[in-house]
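In what follows, a single structure is set out as structure tokens and then discussed.
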């Protein structure tokens, strides 16, 4: 169980977002961003598409493995063990912008999936795609707070599980350097 002061900070931040950062003209954008993370579908489709092409096949395979590991840890282990109730179920002041969720709150599965894949892409793909993936992952994480379905610590937990999943998969695949540093090294060899 979290210390009370952390739990209170979680609630205070959600209420701050709701009171001062939400705006009718932004609601549709954040609903769409959070939809991209539903069930990890966007990241699964992206991984499958990348597997089609020889140049990006490894990135797609590693992302799929990272997504699977993150989902196992998040959905089968941590959500069940922690069993944290969603913020809107405890605090009626939290107004939902999406449908109520069917599972527990900690950690955020949307955030985990987003960072599980995006951090693989950050290492395996070249610019601008690697940066775009990380930016989208961050937006999905923020969207979970904006729409009112997660506490900030849920999102942080999802980010950590996603990072750990991507790191484990990357290391187990035998990858030591990023695609960016490999491309840089190849450019330096050609100039010699």
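Residue numbers (this note's numbering): 42 to 233.
From the three backbone atoms N, C-alpha and C, an ideal C-beta is built for every residue, glycine too.
If you're wondering where the values come from, they're calculated on a predicted model, not measured in any experiment.
Between the CA atoms of residue j and residue i - distance to the nearest angstrom
i	j	result
residue 80	residue 151	7 Å
residue 183	residue 175	12 Å
residue 97	residue 155	18 Å
residue 116	residue 202	11 Å
residue 273	residue 64	Only positions 42 to 233 of the chain appear in the structure, and residue 273 is not among them; the question remains open.
residue 130	residue 60	18 Å
Reference residue i, options the options, closest by Cα
i	options	result
residue 91	206, 170 and 203	170
residue 179	162, 166 and 200	200
residue 58	136, 213, 181 and 211	136
residue 127	142, 181 and 45	142
residue 48	185, 132, 160 and 73	132
residue 99	166, 63 and 82	166
residue 181	74, 211, 101 and 63	74
residue 140	76, 134, 164 and 46	76
Sub-8 Å separation of residue i and residue j beta-carbons
i	j	result
residue 147	residue 125	yes
residue 123	residue 94	no
residue 158	residue 88	yes
residue 188	residue 84	no
Chain B contact for residue i (CB, 8 Å cutoff)
i	result
residue 119	Given the protein chain composition of this structure (a single chain), no chain B is represented.
Close beta carbons around residue i, own chain, < 6 Å, minus the five adjacent residues each side
i	result
residue 198	147 and 148
Own chain, CB closer than 7 Å to residue i, minus 5 neighbours either side, in chain order
i	result
residue 214	103
Contacts around residue i, its chain only, beta-carbon distance under 8 Å, and the 5 residues preceding and following it disregarded
i	result
residue 161	100, 103, 104, 107, 207, 210 and 211
residue 222	Unreliable positioning characterises residue 222 in this predicted model, as indicated by a pLDDT of 48, which lies under 50. A coordinate reading is not provided.
- Do the segment 179-195 and the segment 47-58 make contact, defined as three or more Cβ pairs closer than 8 Å? Yes, the segment 179-195 is in contact with the segment 47-58.
- Meets three-Cβ-pair contact criterion under 8 Å: the segment 108-121 and the segment 204-216: Touching, yes.
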